[in-house]
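Chains as they are written, first to last, in our numbering: chain A, 1 to 262; chain B, 1 to 309. All C-beta atoms in this analysis are idealised placements derived from N, C-alpha and C, irrespective of residue type, glycine included. Just so it is clear, the structure is predicted and the values come from calculations on it, not from any experiment.
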Amino acid sequence: MESVISKQNNLKSALYDIVVMAKRNILKIKHNPDKLIDVTVIPIFFMIVFSYLFGGAIAGGVQGYLPIIVPGILIQTLVMSSAATGTQLREDLDTGVFDRFKSLPIVRIAPLAGLVTSDILRYVAAAFFSIGTGYILGWRPEAGFGWLIVASLLAIFGACAISWVFALIGLVSKSAATISSISTMVTMMMSFLSNAFVPIDTLPHFLRSVAEHNSITYLVTAFKDLANHGEFTSSASMTIFIGILLVMIVAPITVKIYNRKI
Amino acid sequence: MTELAVSTKELVKEFPNKRAVDGISLDIKKGEIFGILGPNGAGKTTFLRMLATITKVSKGKAMVFGKDVTKDARKVRSLIGLTGQYATVDEELTAMENLRLFGQLNGLSAGQSKARALELLNQFSLTEAKDRPIREFSGGMRRRLDLSVSLIVKPPLIFLDEPTTGLDPRTRGEMWEVIRNLANDGATILLTTQYLEEADQLADRLAIINHGRIISQGTPNELKSLLSDTQFEITLEYMRDAERAKGLIKAEIAQEAMISPEGTKLTVKLADTKVMTRLLLDLTQQDIEIKEFSVRKPTLDEVFLELTK
């Protein structure tokens, strides 16, 4: 039994572990493409329904409503799909495969970090399908393709930050079902109490102040400013600030609880 | 490296409502197949999980090849392979993908892990099923894959947690063969089981545990002889010979034989089974006709029931 591999304990092997773990999640999506419904079918469906349903009432027509609804649906889809990080984590923890992970000579954080990493691909899909549907319906962001990419990257950054919150919820919840109901409630409240679907000045006073300070509002506004005007406004800075703050606070707690479980 | 593959001292695992492992001290030599036998909830799995660095040790000490499982967890992990009671592979991935994934996580490159995966699939007769997801596998195939995943980097110590629970007899036999081959190749194997037959078949030594404590340990034969000696039963053709036979047996081996109520059957305890032939020869030479005879060793089941009473 001479061929025991002794694995190096360094940054390079840690990154390798994370990449392999991310690859595992991508393989799972390949075998079960249903996992992509929330970032493909749902944004397309919402985009069409919302445009035709509320377009007339809110903006006097579909075309006028698109600049509001496309960023709105995009951000809502991203927030909702970042919730899947929690469900996925819970499912992994509940199966025997996690025991195997624990007995392997890998960095302890690799399964979690791999999950957060592979989710970026889901966010890219969410952005692509939301924006693509908007484009087909007639949305033409004025600042051009380059700024649209910058705006999308900012939105994906936001989703990554929020996914740490859902990972935490996933760790402390009892079952995957609990997580979906909690995350549906959180995402609904966050996205509806913002400027994602309606102009904020139509809201009654008390709701308006809630919506103005909702972090989703900053993200939506930043996205609109970038995509429509090519401007990096204070909302964008605020989004980055909140995102980093969120990760700095939540990620260490999540990792700590996670390490205790593992 | 020391001569011991596993060494634990007063190992304890406390859960909020239960002391699952309550002071187990155990030494397992290199190259042994060591069995841990016990009923459900005896603490077998928890004991194994502590050695495999999955569960934290509450008290006491556990060493794997001289490395402390708490302080040197990472080193220990590179020396062990674990096959759990429940499937410890990814159900949604194919056999090949699982093997490659775990190969890479064990530090192999993509190329090495592919080569090793093909080798193992072949060794465990899973080559044809390599591109099918695990959830379509039968129980036996699943166990074989599970075990092959543990063997990717040829670990010198293999933990098998109830490797054949839920398998049909034929598949169980195949699994035993696989386990014996691993031991022949030089691996040390620590397995838990609820089946006495399995412990008897496979283990060089075994420990019987109940309520988190070792209640007995030794070779399967030592454990069997614990309960009582071998029973030797002789049935005579004629009832009239019974007393004479009893006297002869007493003269020969200084043991009082029991005559059965119907008067033809004598039962005697034997410490050494070699005297059996001598007894039979003596009786025949004295013209005592023997109708039939049988030897019965207590089964491990009897030992187990006796000890866990």
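Against chain B, a Cβ distance below 9 angstroms from lysine 28 of chain A picks out Asp90, Glu92, Leu93. Taking C-beta separations shorter than 6 angstroms and ignoring five residues to either side along the sequence, the partners of isoleucine 69 of chain A in its chain run Phe50, Ser51, following chain order. For leucine 145 of chain B, the closest Cβ of chain A is not nearer than 8 angstroms. Taking a contact to require three or more Cβ pairs closer than 8 angstroms, the stretch 11 to 24 of chain B and the stretch 169 to 180 of chain B do not qualify as touching. The Cβ neighbour count for leucine 236 of chain B, taken over all protein chains shown within 10 Å, is at least 16; the residue is labelled buried.
The count of Cβ pairs closer than 8 angstroms, one atom from the stretch 142 to 159 of chain A and one from the stretch 99 to 118 of chain A, stays below three, leaving the stretches out of contact. Those residues of the stretch 94 to 127 of chain A placed with their C-beta closer than 9 angstroms to a C-beta in chain B are Thr95, Gly96, Val97, Phe98, Asp99, Arg100, Phe101, Lys102, Ser103, Leu104, Pro105, Ile106, Ala110, ordered along the chain. DSSP, reduced to helix, strand and coil, places glutamine 123 of chain B within a helical segment of the structure shown.
DSSP, read as helix, strand or coil, puts leucine 79 of chain B in coil. Contact between leucine 99 of chain B and leucine 120 of chain B holds: CB atoms are separated by about 6 angstroms, below the 8 angstroms threshold. Among the residues facing chain A, isoleucine 54 of chain B is included, as its CB has a counterpart in that chain under 8 angstroms away. By the criterion of at least three beta-carbon pairs nearer than 8 angstroms, the stretch 240 to 249 of chain A is not in contact with the stretch 158 to 170 of chain B.
Per DSSP, reduced to three states, the secondary structure at serine 103 of chain A is coil, with no helix or strand assignment.
Runs of the alpha helix (DSSP H) lying entirely within the stretch 176 to 219 of chain A and spanning at least 4 residues, in chain order: 176 to 192, 205 to 213. Bounds of the alpha helix (DSSP H) holding isoleucine 58 of chain A are 41 to 59. Non-local beta-carbon contacts of leucine 79 of chain B in its own chain, meaning distances under 8 angstroms to residues more than five positions away in sequence, involve Val64, Phe65, Lys67, Pro155, Pro156, Leu157 in chain order. A straight line joining the alpha-carbon of aspartate 225 of chain A with that of serine 234 of chain A spans about 10 angstroms.
Looking at A:Val20, A:His31, A:Phe232, the one whose alpha-carbon comes closest to that of aspartate 131 of chain B is A:His31.
Straight-line spacing of the CA atoms in alanine 161 of chain A and isoleucine 240 of chain A works out to 10 angstroms. With respect to the 8 angstroms criterion, isoleucine 75 of chain A and alanine 155 of chain A are classified as neighbours on the basis of their beta carbons.
Cα atoms of isoleucine 54 of chain B and leucine 104 of chain A: separation of roughly 10 angstroms, rounded to the nearest angstrom.
Within the same chain, and ignoring the five residues on either side of lysine 28 of chain A in sequence, the residues whose Cβ sits closer than 8 angstroms to its Cβ are Lys35. Within the same chain, Cβ atoms closer than 6 angstroms to the Cβ of isoleucine 134 of chain B are found at Val89, Glu91, the five residues on either side in sequence being excluded.
Among the bridge pairs identified by DSSP, glycine 35 of chain B is matched with B:Leu191, B:Leu206.
Here glutamate 292 of chain B has Thr235 as same chain residues with Cβ atoms under 6 angstroms from its own Cβ, once five neighbours each way along the sequence are excluded.
In the structure shown, the three-state DSSP call for glycine 84 of chain B is coil. The way I'd put it, the stretch 41 to 52 of chain B does touch the stretch 205 to 220 of chain B; three or more beta-carbon pairs between them come closer than 8 angstroms.
For phenylalanine 46 of chain A, the number of other beta carbons within 10 angstroms of its own is at least 16, and it is reported as buried. The C-beta distance from glycine 134 of chain A to leucine 66 of chain A rounds to 6 angstroms, short enough to meet the 8 angstroms contact threshold. When the beta-carbon positions are compared, isoleucine 28 of chain B and valine 57 of chain B stay at least 8 angstroms from each other. Assigned with DSSP and collapsed to three states, valine 57 of chain B falls in coil, not helix or strand. For glutamate 3 of chain B, the closest of B:Lys30, B:Pro39, B:Glu197 by C-alpha to C-alpha distance is B:Lys30. Valine 165 of chain A is outside the set of residues whose beta carbon lies under 8 angstroms from a beta carbon in chain B. Classified as exposed, arginine 278 of chain B has fewer than 16 neighbouring CB atoms from the shown chains inside 10 Å of its CB. Here DSSP, grouped into helix, strand and coil, assigns leucine 167 of chain B to coil. The beta-carbon distance between leucine 219 of chain A and glycine 158 of chain A, rounded to whole angstroms, is 5 angstroms. This is short enough to meet the 8 angstroms contact definition.
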